[in-house]
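So the protein lines, in turn, are chains A and B.
Per this note's numbering, the very first residue in the first sequence carries number 10; after that it's consecutive.
Per this note's numbering, the very first residue in the second sequence carries number 21; after that it's consecutive.
Step one of this worksheet: look at the structure below.
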Amino acid sequence: MSTLTGTVRLIRLGLRRDRILLPAWIVAICGLAWATVASYAATMSDEAQRLATATFAAGNPMARMFDGPASGTELGAMSMVEAFKVLAILAALMSAQAVVRHTRQDEEAGRAELLGSAVVGRHARLMAASVITLGANLVLGLAVAGALVASDLGTTGALAAGLSVAGIGWVFAGVAAVASQVFATARGASAAAGAALGLAFLLRAVGDLFGHIADSGVQVISAWPSWLSPIGWGQQVRPFQENNWWIAGLFAGLTLALVWVAFVLADHRDVGSGMVQARTGPAHAAPGLRSGLGLAWRLQRTTLLTWLGGLVLMGAAFGSVGQSTEDLVGENDQLRAILARVAPAGTVVDLYFALMMAILGIAAAGYTVQVLLRMRAEETTGRLEPVLATAVDRQSWMASHIAIAFVGTAVMLVLAGLAGGAVHGAMTGRWSEGIGGLVAAGLAQSCAAMALGGLVVAAFGLVPRWAGTLAWGALAASLVMGQLGGLLELPQAVLNLSPFTHVPAVPAAALTATPILGLLAAAAVLTVVGLLAFRHRDAGVVA
Amino acid sequence: MDDVVCTRGLVKAFGRTRALDGVDLTVKRGEVHGFLGPNGAGKSTTIRILLGLLRKDAGEVTLLGGDPWRDAVTLHRRLAYVPGDVHLWPNLTGGEAIDLLCELRGSADRRRRDELVERFQLDPTKRCSTYSKGNRQKVAIVAGLAADVELYLLDEPTSGLDPLMETVFQDVVLHLREAGATVLLSSHILAEAEALCDTVSIIREGRVVESGTLAELRHLTRTSIQVTAERPMADLALLPGVHVVTAGDDGRSAGLEVDAARLGAVIEHLGAHGVLTLTCSPPTLEELFLRHYSDELATLQDHDALVTLHSRGGAQES
Numbered sequence: 010m011s012t013l014t015g016t017v018r019l020i021r022l023g024l025r026r027d028r029i030l031l032p033a034w035i036v037a038i039c040g041l042a043w044a045t046v047a048s049y050a051a052t053m054s055d056e057a058q059r060l061a062t063a064t065f066a067a068g069n070p071m072a073r074m075f076d077g078p079a080s081g082t083e084l085g086a087m088s089m090v091e092a093f094k095v096l097a098i099l100a101a102l103m104s105a106q107a108v109v110r111h112t113r114q115d116e117e118a119g120r121a122e123l124l125g126s127a128v129v130g131r132h133a134r135l136m137a138a139s140v141i142t143l144g145a146n147l148v149l150g151l152a153v154a155g156a157l158v159a160s161d162l163g164t165t166g167a168l169a170a171g172l173s174v175a176g177i178g179w180v181f182a183g184v185a186a187v188a189s190q191v192f193a194t195a196r197g198a199s200a201a202a203g204a205a206l207g208l209a210f211l212l213r214a215v216g217d218l219f220g221h222i223a224d225s226g227v228q229v230i231s232a233w234p235s236w237l238s239p240i241g242w243g244q245q246v247r248p249f250q251e252n253n254w255w256i257a258g259l260f261a262g263l264t265l266a267l268v269w270v271a272f273v274l275a276d277h278r279d280v281g282s283g284m285v286q287a288r289t290g291p292a293h294a295a296p297g298l299r300s301g302l303g304l305a306w307r308l309q310r311t312t313l314l315t316w317l318g319g320l321v322l323m324g325a326a327f328g329s330v331g332q333s334t335e336d337l338v339g340e341n342d343q344l345r346a347i348l349a350r351v352a353p354a355g356t357v358v359d360l361y362f363a364l365m366m367a368i369l370g371i372a373a374a375g376y377t378v379q380v381l382l383r384m385r386a387e388e389t390t391g392r393l394e395p396v397l398a399t400a401v402d403r404q405s406w407m408a409s410h411i412a413i414a415f416v417g418t419a420v421m422l423v424l425a426g427l428a429g430g431a432v433h434g435a436m437t438g439r440w441s442e443g444i445g446g447l448v449a450a451g452l453a454q455s456c457a458a459m460a461l462g463g464l465v466v467a468a469f470g471l472v473p474r475w476a477g478t479l480a481w482g483a484l485a486a487s488l489v490m491g492q493l494g495g496l497l498e499l500p501q502a503v504l505n506l507s508p509f510t511h512v513p514a515v516p517a518a519a520l521t522a523t524p525i526l527g528l529l530a531a532a533a534v535l536t537v538v539g540l541l542a543f544r545h546r547d548a549g550v551v552a
Numbered sequence: 021m022d023d024v025v026c027t028r029g030l031v032k033a034f035g036r037t038r039a040l041d042g043v044d045l046t047v048k049r050g051e052v053h054g055f056l057g058p059n060g061a062g063k064s065t066t067i068r069i070l071l072g073l074l075r076k077d078a079g080e081v082t083l084l085g086g087d088p089w090r091d092a093v094t095l096h097r098r099l100a101y102v103p104g105d106v107h108l109w110p111n112l113t114g115g116e117a118i119d120l121l122c123e124l125r126g127s128a129d130r131r132r133r134d135e136l137v138e139r140f141q142l143d144p145t146k147r148c149s150t151y152s153k154g155n156r157q158k159v160a161i162v163a164g165l166a167a168d169v170e171l172y173l174l175d176e177p178t179s180g181l182d183p184l185m186e187t188v189f190q191d192v193v194l195h196l197r198e199a200g201a202t203v204l205l206s207s208h209i210l211a212e213a214e215a216l217c218d219t220v221s222i223i224r225e226g227r228v229v230e231s232g233t234l235a236e237l238r239h240l241t242r243t244s245i246q247v248t249a250e251r252p253m254a255d256l257a258l259l260p261g262v263h264v265v266t267a268g269d270d271g272r273s274a275g276l277e278v279d280a281a282r283l284g285a286v287i288e289h290l291g292a293h294g295v296l297t298l299t300c301s302p303p304t305l306e307e308l309f310l311r312h313y314s315d316e317l318a319t320l321q322d323h324d325a326l327v328t329l330h331s332r333g334g335a336q337e338s
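Given below as structure tokens:
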């Protein structure tokens, strides 16, 4: 019996389990690609207009950091530059989640042991998870290509675009496969894959910012850090412009290497354990643990500290290049015109900081959602039951987790802003404006994250089975609206559904009270709804 | 109020499944009440309603004189719960989990907690993720039984414990009873109920089908008799109230099961044959149990299946 016996059956099992989830991801990502191109085609039909926009994008540091390197004036190329970051993030999340779901999560739930006792080889589960996810990304790549061909773009470029998206999925499937071996919990593995995604985004942002403009004036040649990031590779494919097929080799090579490492690691550990062996601990609970809030803090503190560290690093990194944007923009009239429209009172650096805090805000909302969904995880794993059988009432149990989610979100955004402002201040000597503006922006963004958190709390109370889907769906929708909303020309009524739409662009715009109070009111009302609903429903595994 | 637990016509449905279909359960103060039934009969659902975790769809339920749904928190200070399927936080140690649960309930006897940890041979410094099922169960048992409360709700508490630890558990429960506590012990392990319970209720498909003291329930069942005699005992199987007959040694030895009401007549009949040895065993709960499931047993066609069930029911579940 080989170590791969049973792989085919496990693949069929996995496809059965994912028969709705994976197709939904693929359709959503393709739909997004199609919609981006369609709206781009509608607004950018004129060659001269595209030339102006591409020139602007090549010279605009914010476009370089938050979108990617400009790649010519082809309609397909330009729309892919705009859409790629979101497509890449979604493909990476789809892949990492799928691999973790079929490997570490199965082990955690004890299903892997049951399977392992059957006629199933030691490596079959990992192999099945890899095959399913890599295959799903192949389908995703072809589907994206199909969607672009359907938008009247060239087949070659469309296939290259599909490759760039699928390649990201492959690499992050590999990252998740390794993380699933190293970390003993599904949450830990997902967090590690998420951190890798954040790092990949940051590396290419820095690389693209410090790249230079090619002679054509409509293309950015990225600096070396972009080449350290798989997201950077996806952008360097430059579909519809250069169609760099050889980058497929980079994707395939890294993916195979990561999957190979995962298999080697799997050989060196027991089913159910991670690479890090659990040590013994105290025989008695410390006073700090002996309360509902103490327990919630113990369960959430690693998540909080990890996110806090990540966001502060990102804040510092983004802050460190704040001044460069000013220098790079120079006398770019077009950008100044936009600035005058968006934030008449602000400077270029202010606008850059506002965009940066918008990214950090949506990232922090990922923390808010994760912490709040922990309530549902506690419930479904049966750990809530013994707690509620003690003299802990349901509302205060929820309140502990909500407090850690909301206070944590605000604290990490303020500290990330502070870090960015401090680095900016240290480099320019302009301490007060950077720190003041970024801290205010952090607070403003945290109000939107809390409103989204309120939705999660309400969903947990009212429709617990759907809490996870609704929460991540709402976060993904907010990401798409925030990053692509303008491009997709979504109606304002739709954009208004995202709490982040309502956040004033601090520090480029003034911090006004009305939207902030509105967001806080929404957060409060939704939270109260969730608290009341949880009091009136069944609690426990069956709910 | 004498009834610590009282439910009347308790109904709970999950979608189309009627998990509880009119449960009438009464547990009097100071008794150890066995709550018996196979998997899926509704034991855990009933207990979760008593804990206020699930909301009843219909019927009446009082617990310690209060409404378990409305007064959950105040009632929980007066009771302790041990689940059958224990899930703990992987990165907490066993000792931390015990202290936490005790503290959250508000009544913790530190000395008793340490004593129980000792008696159950639990290493409290290990992370919960490294515990076996039996050790996770011990954590829940220690956290529950260390409490000084009026009522203990134990939902298949010994699943996963080895026989040695089961004895310790029974000992601890008997001490609780001596101290005047009330215990509701759900189980499908009949030996456990026989060893511990004053009264039992048998639940089946969401209804309590039998309830009473062990002595009362035994009237409903048969006594088994092993007999050897000087003269062959013919036609034993034809006697009224006699059920299973195995005969050997040309009819001079026999094994039979006799309805409680007919025992006297059968003994008289045997006496006429010059009894040499006679062994009578009182009916076990196991037989009681099997009778209530005779519907299901009828569907088991061959005798082998019956034998397997018999022997499995008597063995310790592990």
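Think of the CB as a built atom: it goes at the ideal place given N, C-alpha and C, for glycine as much as any other residue.
Comparing C-alpha positions only, which one of the options sits nearest to residue i?
i, options, result
"glutamate 117 (chain A)", "A:Trp481, A:Ala386, A:Met436 and A:Leu393", "A:Ala386"
"leucine 298 (chain B)", "B:Ala292, B:Val247 and B:Ala281", "B:Val247"
"glycine 539 (chain A)", "A:Ala460, A:Gly482 and A:Gly130", "A:Ala460"
"threonine 399 (chain A)", "B:Thr82, B:Thr150 and B:Ala160", "B:Ala160"
"glycine 445 (chain A)", "A:Leu427, A:Val432 and A:Ile413", "A:Leu427"
"leucine 13 (chain A)", "A:Arg110, A:Ser104 and A:Met136", "A:Met136"
"alanine 170 (chain A)", "A:Arg120, A:Leu302 and A:Pro248", "A:Pro248"
"proline 395 (chain A)", "B:Lys48, B:Leu45 and B:Pro103", "B:Pro103"
"glycine 324 (chain A)", "A:Ile98, A:His433 and A:Glu388", "A:His433"
"valine 228 (chain B)", "B:Leu56, B:Val25 and B:Val286", "B:Leu56"
"alanine 480 (chain A)", "A:Gly375, A:Asp402, A:His277 and A:Val448", "A:Gly375"
"leucine 60 (chain A)", "A:Ala51, A:Leu84 and A:Ala47", "A:Leu84"
"methionine 384 (chain A)", "A:Leu369, A:Gln404 and A:Ala201", "A:Gln404"
"leucine 259 (chain B)", "B:Ala249, B:Arg242, B:Ala267 and B:Val278", "B:Val278"
Let's see if you can read the secondary structure: which residues bound the beta strand (DSSP E) around residue i?
i, result
"leucine 194 (chain B)", "Segment 183–198 is the alpha helix (DSSP H) holding leucine 194 (chain B); no beta strand (DSSP E) there."
"glycine 275 (chain B)", "273–279"
"glycine 42 (chain B)", "37–48"
"asparagine 161 (chain B)", "According to the sequence provided, residue 161 (chain B) is isoleucine. The question's asparagine does not apply to it. Element bounds for isoleucine 161 (chain B): not the beta strand (DSSP E) but the alpha helix (DSSP H), 153–165."
The alpha helix (DSSP H) with residue i in it runs from where to where?
i, result
"cysteine 148 (chain B)", "Cysteine 148 (chain B) -> no alpha helix (DSSP H), and no H or E assigned at all."
"isoleucine 245 (chain B)", "Run containing isoleucine 245 (chain B): none in the alpha helix (DSSP H); it sits in the beta strand (DSSP E), 242–249."
"alanine 47 (chain A)", "30–52"
"alanine 33 (chain B)", "From DSSP, alanine 33 (chain B) is part of no alpha helix (DSSP H) but of the beta strand (DSSP E) over 23–34."
"arginine 227 (chain B)", "Here arginine 227 (chain B) belongs to no alpha helix (DSSP H); instead the beta strand (DSSP E) covers 227–233."
Tell me the rounded alpha-carbon separation between residue i and residue j.
i, j, result
"isoleucine 525 (chain A)", "alanine 167 (chain B)", "48 Å"
"glycine 164 (chain B)", "arginine 197 (chain B)", "15 Å"
"threonine 112 (chain A)", "arginine 134 (chain A)", "7 Å"
"threonine 16 (chain A)", "valine 129 (chain A)", "7 Å"
"histidine 53 (chain B)", "leucine 205 (chain B)", "6 Å"
"alanine 335 (chain B)", "alanine 215 (chain B)", "Below a pLDDT of 50, predicted positions are generally treated as unreliable, and alanine 335 (chain B), at 39, falls in that range; the measurement from the model is reported next regardless. Spanning the two alpha carbons is a distance of roughly 14 Å."
"leucine 208 (chain A)", "alanine 435 (chain A)", "23 Å"
"leucine 329 (chain B)", "alanine 235 (chain B)", "Reliability of the predicted coordinates at leucine 329 (chain B) is poor, the pLDDT of 45 falling under 50, and no value is obtained from them."
"glutamate 251 (chain A)", "glutamine 245 (chain A)", "9 Å"
"threonine 202 (chain B)", "glutamate 170 (chain B)", "6 Å"
"aspartate 224 (chain A)", "alanine 232 (chain A)", "16 Å"
"cysteine 148 (chain B)", "alanine 354 (chain A)", "57 Å"
"arginine 18 (chain A)", "leucine 267 (chain A)", "24 Å"
"tryptophan 316 (chain A)", "phenylalanine 219 (chain A)", "27 Å"
"valine 262 (chain B)", "arginine 242 (chain B)", "9 Å"
Practice task
Any chance you could list the alpha helix (DSSP H) runs of at least 4 consecutive residues sitting entirely within the region 100–147 of chain A, in chain order?
Solution key: 113–118 and 120–126
Exercise for the section: Give, in chain order, every residue of the region 301–315 of chain A whose Cβ lies closer than 9 Å to some Cβ of chain B. Expected result: Gly301, Gly303, Leu304, Arg307, Leu308 and Thr311
Practice task
Closer than 9 Å, Cβ to Cβ, to anything on chain B: give me those residues from the region 47–66 of chain A, in chain order.
Solution key: none
Exercise for the section: With 9 Å as the C-beta to C-beta threshold (strictly closer), list the residues of the region 386–399 of chain A near chain B in chain order. Expected result: Glu387, Thr390, Gly391, Arg392, Leu393, Glu394, Pro395, Val396, Leu397, Ala398 and Thr399
Practice task
Mind checking the region 129–145 of chain B against chain A and listing, in chain order, the residues whose C-beta falls within less than 7 Å of any C-beta there?
Solution key: Pro144 and Thr145
Handout entry: Chain-ordered residues of the region 109–126 of chain B with a beta carbon less than 9 Å from chain A
Key = Trp109, Pro110, Asn111, Leu112, Thr113, Gly114, Gly115, Glu116, Ala117, Ile118, Asp119, Leu120, Leu121, Cys122, Glu123, Leu124, Arg125 and Gly126
Handout entry: Contact set between the region 145–170 of chain B and chain A, restricted to residues whose Cβ is under 8 Å from the partner
Key = Thr145, Lys146, Arg147, Ser149, Thr150, Ala160 and Ala163
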